[in-house]
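Residue numbers (the UniProt record's numbering), protein chains in the order written: chain R, 1 to 191; chain V, 1 to 324. The beta-carbon is built from N, C-alpha and C at its ideal position, and this holds for glycine as well. For clarity, every value in this text was computed on a predicted model and none was experimentally measured. In what follows, a structure is listed as structure tokens, so that the remarks can point back to it.
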Amino acid sequence: MASYSTNEFRGGLKVLLDGDPCIILENEFVKPGKGQAFNRVKLRNLMTNRQWERTFKSGESLEAADVIDLEMEYLYTDGEFWHFMKTDGSFEQYPADAKAVSDALKWLKEQDVYTVTLYNGAPLTVTPPNFVELEVVDTDPGMKGDTAQGGTKPATLSTGAVVNVPLFITIGEVLKVDTRSGEYVNRVKSS
Amino acid sequence: MTETPSWQPSASLAALESRAQQLAWVRDFFAQRGVMEVETPVLGRCGVTDINIDSIAASPTPVGSSPSRAWLQTSPEYHMKRLLAAGVGSIYQVARVFRDGESGRRHNPEFSLLEWYRPGFTDSDLMAEVAELVCGWLGCEAPTTISYRDVFLRFAGVDPFLSSDTELSARCEQWMEPSRLQAFSRDDCLDLLMSCQVEPALAEAGPVFVTGYPESQAALARVSEQDGLRQAHRFELYVQGVELCNGYWELTDPGEQRQRFAADNRARVSAGKPEMPVDQAFLAALQAGVPDCAGVALGLDRLLMLKMGVDDLASVIAFPAERA
């Protein structure tokens with residue numbers, strides 16, 4: 001397996017630390033003029049999502065982690081696994097377990113494309129696009145003319161996600177939602 | 001990295017103008033004091049033996065007796081001291097220097113170093129002159145002075161001279177796992193604490209000189225016993241936590257210098273680094289007699305960074321390494 005020396009460290013690099021795959025977020029080179037150089041590194045553990053800060057003597061190296069991000073289409077779930085397919089025309093499929101899907105679960109819509117992070121060839125995490133468009137399947141009846149109030153109500157979307165929406169939203173409408181904050185953005189006109 | 005860098009400078013036009021003004025200001029500062037500007041080679045036949053400074057090698061075609069291996073200079077120090085031995089008097093140089101592998105927010109492998117030497121000056125005389133130059137240009141308050149020992153006692157809670165190796169190592173565990181600290185020398189621990197604990201704390205203080213370094217960090221400074229401790233007559237100026245300069249009451253003893261070079265190379269070998277050729281011409285100059293003097297090297301790019309109120313060298317260097 002390849003390894004990276006501190007002078008190759010940069011944001012986005014995937015490395016193995018304490019046996020876990022991590023992504024380097026920030027790398028700062030520090031050195032007293034006449035002294036030993038160090039690299040102060042912020043990493044995110046891709047298994048636990050926890051952020052770590054580690055310091056390395058310059059010249060030390062870390063093993064590369066076999067981690068790649070691929071665009072994949074969500075196909076279906078069999079209850080135990082969520083199945084994704086590569087979009088490169090290879091039709092290659094990957095089953096992601098509940099842990100990998102976790103936070104993305106409430107945004108999963110069949111035939112939509114997600115970023116699947118593979119670690120040693122198996123799905124590690126599934127990341128939804130920043131914005132998704134989903135249909136409202138349940139919400140209290142709309143209150144027309146009440147738009148100025150700026151009040152909100154909960155609406156259940158086709159994937160099961162519940163978001164706060166303006167009072168005028170009705171069942172059957174398609175909404176654009178920010179998956180990072182879980183917030184309503186706007187109605188999608190084309191529906 | 002084979003991609004073509006952006007053609008545009010990373011520094012603003014305002015920063016480039018300020019750089020030109022800074023250079024004019026520096027030249028005027030020394031003209032007023034009768035310090036002569038000199039130029040010395042950027043490419044020399046010797047690099048530096050310092051274990052923590054790596055020289056960049058070049059392979060020129062040998063001409064006559066010149067060697068086929070040469071080094072981009074990491075500092076104009078040896079050449080300037082040869083001039084001092086030749087009797088030039090007070091001199092300064094705005095030198096372009098190179099340090100392999102040093103790259104980051106406050107490091108660029110190629111940078112502008114202002115280096116000057118003052119025969120007859122002690123370290124404290126030269127500190128006063130550094131303060132005039134830096135504060136005159138930045139318009140900052142006069143620096144205070146704190147010893148290396150006190151700055152560690154105050155901000156890192158260890159005594160760099162008297163704490164045991166075990167205590168220093170334990171203090172470093174906040175940043176490094178004990179297993180990786182095992183291979184650390186005492187100076188490695190002190191350098192780690194300096195970078196991670198002391199420097200960030202100094203960012204909150206006003207301009208401050210740190211003086212009286214441990215003998216093991218004397219580099220090219222003379223050493224004497226003060227308060228019962230062997231201390232190097234070496235000083236650094238920190239402004240907003242940025243290390244601006246490194247100065248010495250210079251070691252002029254050729255025998256002692258020869259020993260330090262040899263010790264450097266032994267340390268390089270045990271650290272798995274290549275041994276560096278010792279600059280015999282420099283040693284010969286010391287033998288002939290370098291006058292008692294103090295000298296200092298000051299990073300002009302960092303000074304400009306402070307002047308512009310930015311915290312990244314790329315904002316003040318037209319084409320840093322990634323765009324060079």
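Check for me: the alpha helix (DSSP H) holding Met308 (chain V) runs from which residue to which? Met308 (chain V) -> alpha helix (DSSP H) spans 300-308.
Rounded to whole angstroms, how far is the Cβ of Gln33 (chain R) from the Cβ of Glu243 (chain V), which I believe are closer than 8 Å? Per the sequence shown, the amino acid found at residue 33 (chain R) is Gly instead of Gln. Contact between Gly33 (chain R) and Glu243 (chain V) holds, with the beta-carbon distance rounding to 6 Å and staying under 8 Å.
The segment 21-42 of chain R: positions lying closer than 9 Å to chain V by Cβ: Against chain V - using a Cβ distance shorter than 9 Å - the residues of the segment 21-42 of chain R are Asn27, Glu28, Phe29, Val30, Lys31, Pro32, Gly33, Lys34, Gly35, Gln36, Ala37, Phe38, Asn39, Arg40.
Can you tell me whether DSSP reads Phe29 (chain R) as helix, strand or coil? Reduced to three states, the DSSP call for Phe29 (chain R) is strand.
Can you list, in chain order, the stretches of the beta strand (DSSP E) that have 3 or more residues and sit fully within the segment 112-182 of chain V? You should have 144-147.
Span of the alpha helix (DSSP H) holding Trp25 (chain V)? For Trp25 (chain V), the enclosing alpha helix (DSSP H) begins and ends at 13-32.
Would you mind giving the Cβ-Cβ distance between Asp100 (chain V) and Asp159 (chain V), rounded to the nearest angstrom? I have them listed as a contact below 8 Å. With a contact defined as Cβ atoms closer than 8 Å, Asp100 (chain V) and Asp159 (chain V) miss out at about 33 Å.
Give the DSSP bridge partners of Arg44 (chain R), in chain order. The bridge partners DSSP lists for Arg44 (chain R) are R:Ile23, R:Gln51.
Helix, strand or coil at residue 376 (chain V) according to DSSP, with G and I counted as helix: Residue 376 (chain V) falls outside the range modelled here, since chain V spans only 1 to 324, and no answer is possible.
Just to confirm the assignment, what range does the alpha helix (DSSP H) spanning Met80 (chain V) have? Note, Met80 (chain V): alpha helix (DSSP H), 77-85.
Where Leu16 (chain V) and Gly136 (chain V) are concerned, what is the direct C-alpha to C-alpha distance, given to the nearest angstrom? Using only the alpha carbons, I get a separation of about 20 Å.
Less than 7 Å between CB atoms is the rule here; does Thr48 (chain R) satisfy it with respect to chain V? Residue-level contact by beta carbon fails for Thr48 (chain R) and chain V, as no gap is shorter than 7 Å.
Between Gly212 (chain V) and the rest of its own chain, which residues show a CB-CB distance below 6 Å, the 5 nearest in sequence each way excluded? Counting only Cβ-Cβ distances below 6 Å, and skipping sequence neighbours, we find Ser147, Tyr148, Gln231.
Tell me which residues share the same chain as Asp301 (chain V) and place their Cβ nearer than 8 Å to its Cβ, disregarding the 5 neighbours each side in the sequence. Within the same chain, Asp301 (chain V) has close Cβ partners Asn108, Phe111, Ser112, Leu313, Val316, Ile317.
Alpha carbon to alpha carbon, how far is Pro5 (chain V) from Ala14 (chain V)? Approximately 22 Å between the Cα atoms of the pair.
Taking all protein chains shown into account, decide if Ile68 (chain R) is buried (16 or more other Cβ within 10 angstroms of its Cβ) or exposed. Ile68 (chain R) counts as exposed, since fewer than 16 other C-beta atoms from the protein chains shown sit within 10 angstroms of its C-beta.
Check each candidate in V:Leu43, V:Gln287, V:Gly228, V:Met36 and name the one with the smallest Cα separation from Pro119 (chain V). Comparing Cα positions, the closest option is V:Met36.
Could you tell me the alpha carbon to alpha carbon distance between residue 358 (chain V) and Asp311 (chain V), rounded to whole angstroms? Here chain V comprises residues numbered 1 to 324, so residue 358 (chain V) is not present and cannot be evaluated.
So Cys245 (chain V) is in the beta strand (DSSP E); what residue range does that whole segment cover? Taken as a continuous stretch (DSSP letters only), the beta strand (DSSP E) holding Cys245 (chain V) covers 242-249.
Neighbourhood of Glu275 (chain V) by C-beta distance below 7 Å, restricted to the same chain and skipping five residues each side: Hits under 7 Å: Asn265, Arg268, Val269.
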